[in-house]
Every structure is written in C-alpha cells, then in structure tokens.
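Written below as structure tokens is the structure these notes are about.
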Amino acid sequence: MIDTNLLEGMVASNRKVDFCMNCAEAKQARRAKDKQDTSTSAPTDDPGATLCVDLKTDMTPDRLGHKHTLTIVDHATNYNRVYLLRNKSDAEGHLEDFVSEFERQYDTKVKMIRSDGGGEFSSTRLGRFLRNRGTLHQETEVGMSSSNGKAERFHRAVMDSVRAMLWASALPQRFWGDAVLYASYIRNYLPTRANADHASPIEALSGKRPSVSHILKFGSKWTSHIAHATKRSVKKRAEKGVVIGIDLKKKAYRVLIPRTKRVISTTHIQNIDRLDSRAVGRYMDAVDTDNTDTVEETHK
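Under full-length UniProt numbering, think of the first position of the sequence shown as 1, with each following residue one higher.
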C-alpha cells in the first residue's frame, strides 16, 4: 500500500519480514486436503492390507434398538462390512471379529487400520489385539474426517441407498437397520468405477466374478412356506411376507411376516408379483406402522 502511494504519513521500512507469528496465529487455515484418498497415503494397495473404519450415530433406534453403525471398507477393493450397534463400546469387538474372519476367508493380511480419533478405537483391548498381529493403527487428526474419506464416502452412499429403499418399499423408518445391512451386502456385488475394469469388490478381492441372481428387491412381496404345514392338513401352507435382507449365517432370505409381526429366515419363498393379481388382494394393507411395532426374530 505504501509502494503504490495509497497511504500518507508512513515511511516504508527496508526490513523484510519473511514470517509473522502473530499473523499466523490470527489467520492460519487448514492445509488443503488432497482431492483423492489414494494409495499414496496408504502403506500398500494390496487387497485387504488397509481397512478404513468409521463409527456413526445415524438416527433414531431401529426396530431392534440399534443406534450406531460400524463401517469397515477395504482400501484397495472397496469390499465392505457394516455392523449395527446398540452401544459404541461394541465396535471394537466387531472389528476384531471382522479382521480375523477377513484374513482367513480371503487369505490376506491386514497391515493397517485407519480410523478417526474417536475413543471407540483407542481402547487398550483393541491396541493389544492389533499389536499381537503386527497391525498398525493410523488415526486421523481431530476434525479432519476427510483424511478417512473412503469410509466417510461409503457411509454416505449407503445411507442414500437406505433412504431410497425405505421410500420405495413403504416400510416404516425403524427398518433402516435392515436396509443398511442389505445395501451394504448388495454393494459388494455391484461393479464400481473405483476398481480396475469396474470390477465388483468381491471380484477385486477374490478374483472371481460373483452372481447376482439371488439378490431380491428390498421390500418385494413374497409368500413363505409354513414349515409345520403337512400335506394332509387343510390349513394354509404359506404366509405373505416382505423380503428385508439376507441371513448370511443360514444362506437364506430374511422375510417379515406382517400377520405375526415376526422376521423369519427361509429359502422357501415364491414371488407374489408373479401370481394372479386377483388372488393377491390388498396385500400391503397388512404392513402398516402400527402392526410392526414389535417384531420378533426367528428362523426356519
């Protein structure tokens, strides 16, 4: 301003100031974050080597009382797993279980866990578990969630899917937990631009292209076989139900039975949309917010 004669009554000093501490303390902003969360900041981009984890409190409790979601994403392949939690303290146990299962099932070694600075991943128990396996734990700076961008972006994408699934199915909001698990499962099977040749996460991890023929629409209408029905009985041999996910432990579908307010696991289902429309009747009338307040879990 002095050099350009914009001020009067001030003489310019010949002393050059390279750095002003007071100015830095008053005006310094965060360093611009790299646009891409790539292998440059990961120890390796080998499949399974770096897991990005994130814990979120999403909304009101779901039908089973879950309030939090633990998201785990493989940095290299985008393979994911989501856990529903009632308490944040449950996160470390699920993370330990996933690491052990992931390494065994996909013949890989987890070299680094990347998380934010939340206390949920700073316990003595988890630290001992990781040290015993030679696994590093990298924490992002406080307030710099973008440093763990892969997990953050994945969570946002899953929740976008969840909202769409609930709206399309007309199921109450408390089924958001079921929708989260199903959306997470489906994304492992879908091609993604994040992987080479648009490979699905499972293909990128295992080298085998998975089939998607078993994936059904969330909230689609089916009939489920009643296990206790016998050939000689005149009772109904099927119940109307709504598919809300897949039971990985039983290789079966998870089906909500509106009449009994129960969720069952079964493979014995038939698509009701393929039946004569005159026989279907007002099917969805049974699925209303008042009749699904208390939903029990059972298996067939």
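Just so it is clear, CB atoms sit at the ideal spot from N, CA and C, and this is done for glycine as well. Only a predicted model underlies this, so the values are computations on that prediction, with no experimental measurement involved.
Pair within 8 Å by beta-carbon distance, residue i and residue j
{"i": "Glu92", "j": "Arg125", "result": "yes"}
{"i": "Ser158", "j": "Val82", "result": "Rather than Ser, the amino acid found at residue 158 in this sequence is Val. It is a contact, given that the beta carbons lie within the stated cut-off."}
{"i": "Arg114", "j": "Thr69", "result": "no"}
{"i": "Asp247", "j": "Arg237", "result": "no"}
{"i": "Phe102", "j": "Gly48", "result": "yes"}
{"i": "Thr266", "j": "Ser206", "result": "no"}
{"i": "Asp62", "j": "Arg174", "result": "yes"}
{"i": "Asn78", "j": "Thr71", "result": "no"}
{"i": "Leu95", "j": "Met112", "result": "no"}
{"i": "Tyr189", "j": "Ile202", "result": "yes"}
{"i": "Val162", "j": "Ala196", "result": "no"}
Endpoints, beta strand (DSSP E) assigned at residue i
{"i": "Asp160", "result": "Looking at the DSSP string, Asp160 is not in any beta strand (DSSP E); the run it does join, the alpha helix (DSSP H), is 149 to 169."}
{"i": "Leu85", "result": "80 to 85"}
{"i": "Glu120", "result": "Premise fails: Glu120 is in no beta strand (DSSP E) and is neither H nor E."}
{"i": "Ala252", "result": "252 to 257"}
{"i": "residue 376", "result": "With the chain represented from 1 up to 300, any question about residue 376 goes unanswered, as that position is not in the structure."}
{"i": "Thr140", "result": "Counting along the chain, Thr140 falls outside any beta strand (DSSP E), and DSSP gives it neither H nor E."}
{"i": "Gln270", "result": "269 to 271"}
{"i": "Thr266", "result": "262 to 266"}
{"i": "Arg114", "result": "112 to 115"}
Status (buried if at least 16 other CB within 10 Å, exposed otherwise) for residue i
{"i": "Gly245", "result": "buried"}
{"i": "Cys20", "result": "exposed"}
{"i": "His198", "result": "exposed"}
{"i": "Ser100", "result": "exposed"}
{"i": "His75", "result": "buried"}
{"i": "Val73", "result": "buried"}
{"i": "Gly149", "result": "buried"}
{"i": "Val212", "result": "exposed"}
{"i": "Ala204", "result": "buried"}
{"i": "Ala170", "result": "exposed"}
{"i": "Lys35", "result": "Caution applies to Lys35, whose pLDDT of 48 falls short of 50 and renders its modelled position unreliable; the model cannot decide the point."}
{"i": "Arg187", "result": "buried"}
{"i": "Leu275", "result": "Residue placement at Leu275 is flagged as unreliable, the pLDDT there being 47, under the threshold of 50; the coordinate-derived value follows with that caveat. Under this definition Leu275 is an exposed residue."}
Where the alpha helix (DSSP H) through residue i begins and ends
{"i": "Ile202", "result": "201 to 206"}
{"i": "Glu239", "result": "Note, Glu239: premise wrong, no alpha helix (DSSP H); beta strand (DSSP E) at 238 to 247."}
{"i": "Ser211", "result": "Segment: none, Ser211 is in no alpha helix (DSSP H) and carries neither H nor E."}
{"i": "Arg187", "result": "176 to 187"}
Given residue i as reference, the closest of the options once Cα atoms are compared
{"i": "Ala179", "options": "Tyr189, Ala170, Met165, Thr77", "result": "Met165"}
{"i": "Lys221", "options": "Phe154, Arg174, Ile186, Ala168", "result": "Ala168"}
{"i": "Lys56", "options": "Arg209, Ser265, Leu84, Asn188", "result": "Leu84"}
{"i": "Ala194", "options": "Pro258, Phe154, Arg209", "result": "Phe154"}
{"i": "Gly119", "options": "Asp54, Ile269, Ser213, Phe218", "result": "Asp54"}
{"i": "Asn271", "options": "Glu239, Ile264, Val263, Ala196", "result": "Glu239"}
{"i": "Leu130", "options": "Asp116, Lys109, Thr140, Gly117", "result": "Lys109"}
{"i": "Ile226", "options": "Thr60, Lys249, Ile269", "result": "Ile269"}
{"i": "Gly177", "options": "Asp46, Thr60, Arg156, Cys52", "result": "Thr60"}
{"i": "Asp116", "options": "Ala183, Ala151, Arg163, Tyr182", "result": "Ala151"}
{"i": "residue 314", "options": "Lys251, Gly219, Lys249, Arg156", "result": "In the structure displayed, the chain extends from 1 to 300; residue 314 sits before or after that span and is not available."}
{"i": "Ser122", "options": "Asn132, Gly134, Gln138, Arg104", "result": "Gln138"}
{"i": "His214", "options": "Asp97, Ala252, Cys52", "result": "Ala252"}
{"i": "Arg86", "options": "Lys67, Arg259, Arg104", "result": "Lys67"}
{"i": "Cys52", "options": "Thr140, Asp97, Pro172, Ile264", "result": "Thr140"}
The ligand HEM heavy atom lying under 7 Å from the CB of residue i
{"i": "Thr77", "result": "Looking at this structure, you won't find the ligand HEM or any other ligand, since it has none at all."}
Neighbour flag for residue i against chain D, beta carbons, 8 Å
{"i": "Lys251", "result": "Any reference to chain D falls outside this structure, which holds one protein chain only."}
(message) If we require 3 or more residues per run, which beta strand (DSSP E) segments fall completely within the stretch 44 to 108?
(response) Here the runs fully enclosed are 50 to 57, 68 to 74, 80 to 85.
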